[in-house]
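Peer 1: In the working numbering, the protein residues as written are 131 to 858.
For each residue, glycine too, the CB sits at the ideal point set by N, CA and C.
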Ligand code: BGC
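1) Return the chain-ordered list of same chain residues with a C-beta closer than 7 Å to the C-beta of residue 566, the five sequence neighbours on each side being excluded.
2) How is residue 508 classed by DSSP in three states: helix, strand or coil?
3) Hey, quick one: how far does the beta strand (DSSP E) through residue 816 stretch, first residue to last?
4) Cβ of residue 781 within 7 Å of Cβ of residue 827?
5) In the DSSP output, which residue or residues are listed as bridge partners for residue 311?
6) Under the DSSP definition of a beta bridge, which residues are partnered with residue 183?
7) Please work out which residues of its chain come closer than 6 Å, Cβ to Cβ, to residue 393, disregarding the five sequence neighbours upstream and downstream, and give them in chain order.
8) In angstroms, rounded to a whole number, what distance separates the CA positions of residue 390 and residue 184?
9) In this structure, how does DSSP classify residue 591 when only helix, strand and coil are distinguished?
10) Could you tell me the distance, in whole angstroms, from the CA atom of residue 623 to the CA atom of residue 405?
11) Mind checking if residue 326 is an interface residue toward chain D, Cβ cutoff 7 Å exclusive?
12) Sort 747, 444, 633 by Cα distance to residue 671 and report the nearest one.
13) Within 10 angstroms of its Cβ, does residue 717 collect 16 or more other Cβ (buried), or is it exposed?
14) Secondary structure at residue 406, three-state DSSP: helix, strand or coil?
15) Mind pulling the alpha helix (DSSP H) runs of 4 or more residues that sit fully within the segment 366 to 416?
16) Within a Cβ cutoff of 6 Å, which residues of the same chain sit near residue 486, ignoring the five residues on either side of it in sequence?
17) Quick one: is residue 203 buried, meaning 16 or more other Cβ sit within 10 Å of its Cβ, or exposed?
18) What residue from 791, 759, 812, 771 has the CA that sits closest to residue 801's CA?
19) Can you look up residue 88 in the DSSP assignment and give me helix, strand or coil?
20) DSSP three-state call for residue 235: helix, strand or coil?
21) Tell whether a beta-carbon distance below 7 Å holds between residue 452 and residue 149.
22) Compute the minimum distance between the beta carbon of residue 448 and the heavy atoms of the ligand BGC, and state whether it is under 6 Å.
23) May I ask you to check if the CB of residue 163 is nearer than 6 Å to at least one heavy atom of the ligand BGC?
24) Count the other CB atoms, across all protein chains shown, that sit within 10 Å of the CB of residue 215; report buried if there are 16 or more and exposed otherwise.
25) Just verifying my parser: in three-state terms, what is the DSSP assignment at residue 569?
26) Less than 7 Å separating the beta-carbons of residue 544 and residue 665?
27) Could you tell me the alpha carbon to alpha carbon distance between residue 307 and residue 353, rounded to whole angstroms?
28) Using a Cβ-based criterion (distance less than 6 Å to any ligand heavy atom), does residue 535 qualify as near the ligand BGC?
29) With the cut-off set at 7 Å, would you say residue 642 and residue 602 are in Cβ contact?
30) State yes or no: is the C-beta of residue 391 nearer than 6 Å to some heavy atom of the ligand BGC?
31) Please list the segments of the alpha helix (DSSP H) lying wholly inside the segment 576 to 659, counting only runs of 4 or more residues, in order along the chain.
32) Please work out which residues of its chain come closer than 6 Å, Cβ to Cβ, to residue 261, disregarding the five sequence neighbours upstream and downstream, and give them in chain order.
33) Quick one: is the Cβ of residue 324 within less than 6 Å of any heavy atom of the ligand BGC?
34) Would you check if the distance between the CB atom of residue 186 and the CB atom of residue 156 is smaller than 7 Å?
35) Pairs of beta-carbons, one from the segment 474 to 483 and one from the segment 512 to 526, closer than 8 Å: are there three or more?
36) In its own chain, which residues sit with a C-beta less than 7 Å from the C-beta of residue 163, not counting the 5 before and 5 after it?
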């Protein structure tokens with residue numbers, strides 16, 4: 131008999147349910163949900179009433195509790211310890227949306243690897259990441275946690291992160307089990323309000339929101355966290371059709387489902403369960419394995435069994451899956467393997483700092499640069515750095531920063547001071563970053579603004595460090611008005627009115643809609659939340675020792691009323707024609723975003739040649755090679771990202787105007803030309819037919835290459851997909 135069958139045969143019902151219970155411990159360090167976390171209960175662990183925990187950190191505390199499980203519980207089943215290790219444990223890479231802007235799967239993987247090493251070194255087994263929610267609505271604060279608006283980018287991000295966290299062998303002491311979350315369509319929350327219902331079509335679910343999760347499963351991801359929310363009335367936490375029939379049975383998922391915080395109990399509030407027993411039964415039958423913090427399983431599962439709502443066989447099968455993941459992680463054989471102080475981490479602190487600095491540089495996104503204001507010369511007149519964030523450490527690492535080591539964060543001020551030793555830098559906060567609610571602050575801000583404007587007026591160049599405070603970004607941080615907070619806009623307006631060369635340096639977790647200010651600034655560099663080395667990375671780019679390399683992973687709206695605005699929209703029967711009234715348009719703003727997906731400048735310019743294909747007509751099984759040549763036409767080295775889009779011109783269902791198929795980021799020396807070849811296979815020409823089954827429909831496809839999703843800048847070639855020969 132296998133270890134798992136033997137255990138199951140020996141377990142009491144209480145011990146079985148205990149394996150399905152995950153509790154939040156260690157309240158004083160990390161709080162990630164509405165309920166106060168508890169101190170570790172040794173009695174519960176000893177009695178086998180708890181199988182896993184989250185939010186407990188520190189290898190000594192983790193090992194102490196593990197020791198109780200291994201030495202004092204009846205069956206000696208190891209505990210599983212999880213934590214949100216999203217973009218770093220001690221050392222932070224850019225927050226995910228910013229990191230996505232690098233369009234560098236190699237870096238995405240490396241930063242996950244280093245986070246895994248630090249977390250495993252502290253005794254953690256499982257991370258609740260990567261967050262793979264496609265998001266097209268910057269009102270939703272959690273847009274910062276994921277890979278932006280496009281499913282193809284989401285897929286690439288999923289693969290890189292799962293590989294990075296888990297490595298090659300889940301049992302390795304340096305492997306951190308990954309959790310793909312929040313499955314699915316959590317990012318489609320109505321009107322961008324967190325936890326709200328998603329009202330999307332089945333087609334959009336399959337085409338836009340599911341692909342990244344499928345990629346995570348196919349990469350071997352060990353866990354999935356279902357979303358809090360419902361899709362068209364079905365809370366995902368209790369949706370057997372999605373969790374079991376689609377993901378387990380069709381995609382072949384072999385890991386475990388970890389509920390979101392309290393989500394099983396919340397099935398009652400959703401109105402699909404009358405009490406905890408019904409909630410527990412609904413989730414268990416859907417395929418949910420671990421109950422994170424809702425107490426539905428510990429309090430409701432036995433009642434559900436007594437009422438005949440669930441069977442013992444189902445409980446056994448669920449427990450077996452949990453034990454199986456513990457076994458795959460090597461916990462039975464080496465319960466103290468992660469966090470062994472005698473085993474040095476494969477990378478050094480210096481390696482990790484270098485990687486996050488590189489990731490930050492690659493993520494910095496230059497939206498505009500009139501007259502080549504950036505980079506700033508190393509010598510020259512005074513530079514005034516104005517705004518509330520230049521010395522703010524939290525603003526560098528952003529939300530979901532794990533244990534983000536505050537003492538090790540490089541601020542913008544520190545970075546600039548190191549990078550400009552021979553130029554005078556002066557600093558003024560200008561205003562508080564937050565909403566100003568009382569008069570005292572209002573008065574203080576008025577004085578701060580006046581002082582900052584006066585200082586700016588003495589400078590040759592001004593750097594306005596603006597943004598959204600990190601605590602207003604992330605979970606439960608929806609904003610109906612995602613603009614600059616507090617009196618920052620007023621500060622910026624007055625500084626820009628001075629008419630001096632001004633750079634806006636935006637630190638944020640979502641596009642902030644400040645069209646007027648961004649149009650008036652001479653240059654705008656979006657820093658996102660750039661991580662522990664953020665200050666150095668920003669300074670590297672402002673001083674020009676490195677070129678910015680980020681590209682927008684989301685369209686940047688021109689106005690709030692445009693939301694959602696994304697490049698993958700379907701054609702209208704009345705496409706926009708300037709001057710024609712009865713075409714799809716707003717009367718008061720343009721249709722196009724202020725900056726399209728993929729937009730981002732370097733300190734050089736790139737040119738791209740029209741694409742060439744290996745065949746003008748082809749069959750799906752034969753595939754197609756498309757190539758293009760990219761030239762760095764400027765004086766400096768730099769990197770750019772080339773996007774390959776397709777449009778299926780005539781199909782049984784209307785297809786998006788652009789579908790991203792591939793992207794590639796390349797670094798070119800001044801004057802260098804490089805050929806890029808994309809190999810396309812049958813899957814690239816597939817669509818979901820009218821019945822949502824994948825199929826290839828013959829006909830014309832337009833294939834376009836370019837540096838962003840701005841259709842006007844793309845170079846296009848048309849190809850013809852021929853029907854497969856009819857087999858007699
Ligand atoms: C969040 C998850 C997170 C969990 C545990 C929840 O509130 O939605 O993303 O993994 O808490 O911290």
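Peer 2: Once the coordinates are examined:
1) What you label residue 566 is simply residue 436 of the chain shown in a count that begins at 1. Any answer about residue 566 is weak, because its pLDDT of 45 lies below 50 and its placement is not dependable; what the coordinates show is given next. 572, 575, 616, 617.
2) Walking along the chain shown from the start, residue 508 turns up at place 378. Three-state result, residue 508: coil.
3) Residue numbering aside, residue 816 sits at position 686 when the chain shown is read from its first letter. It spans 816 to 818 - the beta strand (DSSP E) in which residue 816 sits, taken as one unbroken run.
4) Your numbering for residue 781 matches position 651 in the chain shown. Your numbering for residue 827 matches position 697 in the chain shown. Going by C-beta atoms, residue 781 is nearer than 7 Å to residue 827.
5) Taking the first residue of the chain shown as 1, we reach residue 311 at position 181. BP columns for residue 311 point to 261, 355.
6) Locating residue 183 in the chain shown gives position 53, where the first residue counts as 1. 153, 211, per the DSSP bridge assignment.
7) Within the chain shown, numbered from 1, the residue matching residue 393 stands at position 263. Contacts found: 358, 367.
8) Taking the chain shown and counting its residues from 1, the one referred to as residue 390 is at position 260. Taking the chain shown and counting its residues from 1, the one referred to as residue 184 is at position 54. Those two C-alpha atoms are separated by around 11 Å.
9) Position 461 of the chain shown, counted from the first residue, corresponds to residue 591. Residue 591 falls in the strand class under three-state DSSP.
10) Counted from its first residue, the chain shown places residue 623 at position 493. Counted from its first residue, the chain shown places residue 405 at position 275. Each residue's alpha carbon lies about 54 Å from the other.
11) No chain D is present in this structure, which holds just one protein chain.
12) Stepping through the chain shown from its first residue, residue 671 is reached at position 541. Looking at the Cα atoms, 633 is the closest of the given residues.
13) For this step, residue 717 is matched to residue 587 along the chain shown. Residue 717 comes out exposed.
14) As a first step, residue 406 must be located in the chain shown, where it is residue number 276. The answer is helix: DSSP assigns residue 406 an H, G or I state.
15) 397 to 400, 406 to 416
16) As a working mapping, residue 486 is identified with position 356 in the chain shown. Within the same chain, residue 486 has close Cβ partners 221, 223, 661, 662, 663.
17) The residue you call residue 203 lines up with position 73 of the chain shown. So residue 203 counts as buried.
18) Here residue 801 corresponds to residue number 671 of the chain shown, with the count starting at 1. Nearest option by C-alpha distance: 759.
19) Nothing can be reported for residue 88, as the shown portion of the chain is limited to 131 through 858.
20) Looking up residue 235 in the chain shown gives position 105. Looking at residue 235 - three-state DSSP - the assignment turns out to be helix.
21) For the purposes of this step, residue 452 is taken as residue 322 along the chain shown, with counting starting at 1. For the purposes of this step, residue 149 is taken as residue 19 along the chain shown, with counting starting at 1. Contact flag set, yes.
22) Here residue 448 corresponds to residue number 318 of the chain shown, with the count starting at 1. Checking the Cβ of residue 448 against the ligand BGC gives no.
23) On the chain shown, residue 163 is found 33 positions in, with the first residue counted as 1. For the ligand BGC, at least one heavy atom lies less than 6 Å from the Cβ of residue 163.
24) Residue numbering aside, residue 215 sits at position 85 when the chain shown is read from its first letter. Label assigned to residue 215: buried.
25) Taking the chain shown and counting its residues from 1, one reaches residue 569 at position 439. Reliability of the predicted coordinates at residue 569 is poor, the pLDDT of 49 falling under 50, and the value obtained from them is presented with this limitation in mind. In this structure, residue 569 counts as helix in the three-state DSSP scheme.
26) Within the chain shown, numbered from 1, the residue matching residue 544 stands at position 414. Within the chain shown, numbered from 1, the residue matching residue 665 stands at position 535. Cβ atoms of residue 544 and residue 665: closer than 7 Å.
27) If you number the chain shown from 1, residue 307 lands on position 177. If you number the chain shown from 1, residue 353 lands on position 223. Each residue's alpha carbon lies about 7 Å from the other.
28) Taking the chain shown and counting its residues from 1, one reaches residue 535 at position 405. No, the Cβ of residue 535 stays beyond 6 Å of every heavy atom of the ligand BGC.
29) Taking the chain shown and counting its residues from 1, the one referred to as residue 642 is at position 512. Taking the chain shown and counting its residues from 1, the one referred to as residue 602 is at position 472. It is not a contact, given that the beta carbons lie outside the stated cut-off.
30) Here residue 391 refers to the residue found at position 261 of the chain shown. Indeed, a heavy atom of the ligand BGC lies less than 6 Å from the Cβ.
31) 618 to 626, 645 to 650
32) The residue given as residue 261 occupies position 131 in the chain shown. Excluding sequence neighbours, residue 261 sits near 275, 276, 311.
33) Here residue 324 is taken as the residue at index 194 of the chain shown, counted from 1. Not under cutoff, so the answer is no.
34) Translated into positions along the chain shown, residue 186 becomes position 56. Translated into positions along the chain shown, residue 156 becomes position 26. Their beta carbons are under 7 Å apart, which means residue 186 touches residue 156 by this criterion.
35) no
36) Here residue 163 refers to the residue found at position 33 of the chain shown. The residues are 154, 391, 392, 423.
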